[in-house]
Every structure is written in C-alpha cells, then in structure tokens.
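Remarks on the structure that follows.
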Amino acid sequence: MSKPVFEDLFTLSGRRNRKSYFLYTLLMLVIAIAIWIVAAMAASTPLVVVASIATLGIIVSSWVVGAQRCRDFGWTGWAILITVVPFVGWIFPFVMLFLPGNVGANRYGPDPLGAGG
Numbered sequence: 079m080s081k082p083v084f085e086d087l088f089t090l091s092g093r094r095n096r097k098s099y100f101l102y103t104l105l106m107l108v109i110a111i112a113i114w115i116v117a118a119m120a121a122s123t124p125l126v127v128v129a130s131i132a133t134l135g136i137i138v139s140s141w142v143v144g145a146q147r148c149r150d151f152g153w154t155g156w157a158i159l160i161t162v163v164p165f166v167g168w169i170f171p172f173v174m175l176f177l178p179g180n181v182g183a184n185r186y187g188p189d190p191l192g193a194g195g
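What follows is the structure, given as structure tokens:
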C-alpha cells in the first residue's frame with residue numbers, strides 16, 4: 079500500500095514509494111502554479127508575502143518528501159541536496175519517479191509497499 083500523499087510531509091523519517099512521490103509532486107506543482115498566478119495578479123504586498131511563505135512551505139516539504147524517496151533506494155536523505163546543483167537538480171527528481179525502491183526493509187524502514195517487510 080502506498081503512503082498517503084499528506085503523511086509525513088515535514089518528518090525526515092521513513093520511506094516513500096514512487097506512486098506517493100508522484101502524486102505529491104503533481105499536487106504540489108498544481109498548488110504552486112495556482113499560488114504563482116494569484117501572486118502575479120496580486121496588487122497587494124500582503125498577498126505576495128503570503129504566497130512567498132506558502133511557496134517556502136512547498137519547497138521545504140518537497141525536500142523532505144524527496145529525502146524520504148531517496149531513503150526508499152537505500153540512500154541517505156542528504157542525497158536530495160543534488161537538486162540544488164544546476165541542470166542535475168532538474169533531472170534528479172524525474173529519475174526518482176522512475177527508479178524502483180529497495181524491495182523489503184532497508185536501514186531506513188520497512189518497504190512502503192509492504193513487500194518482504
């Protein structure tokens with residue numbers, strides 16, 4: 079069974095499988111686009127500040143979810159910092175969408191799909 083999309087968004091422990099990672103990424107992309115559209119049309123500074131804070135929350139939770147996805151491969155969560163490297167940072171999240179995680183438990187926890195764990 080896949081981890082629910084909104085589970086452990088700000089918790090650095092555990093693993094996240096491809097489906098949960100994909101659904102989270104898709105949902106956050108839609109929310110971020112909506113925030114950016116509203117901020118672009120905003121005539122008031124407070125709304126732009128709120129949009130900036132919301133975007134910061136999306137960035138932080140994206141790194142946390144990405145770290146959980148890295149742990150599903152058996153990698154350290156710090157591997158998500160690859161996303162700050164120019165060019166590679168855009169490719170790495172897509173690689174994480176297609177790369178299968180470790181089957182069974184690894185040092186970061188049980189298999190999020192329940193297989194062999």
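Residue numbers (my numbering): 79 to 195. Virtual Cβ for every residue (Gly too), placed ideally from N, Cα, C.
Going by Cα to Cα distance, which pick from the options is closest to residue i?
{"i": "residue 188", "options": "165, 150 and 113", "result": "150"}
{"i": "residue 105", "options": "140, 182 and 167", "result": "140"}
{"i": "residue 128", "options": "113, 156, 146 and 137", "result": "113"}
{"i": "residue 86", "options": "111, 146 and 155", "result": "146"}
{"i": "residue 142", "options": "126, 161 and 130", "result": "161"}
Determine the extent of the alpha helix (DSSP H) in which residue i is found, giving its start and end residues.
{"i": "residue 110", "result": "96-119"}
{"i": "residue 154", "result": "Residue 154 -> no alpha helix (DSSP H), and no H or E assigned at all."}
{"i": "residue 170", "result": "166-176"}
Return the bridge partner residues of residue i from the DSSP annotation.
{"i": "residue 187", "result": "184"}
- Item | Cβ pair count under 8 Å reaching 3, the segment 117-125 against the segment 173-191 | no
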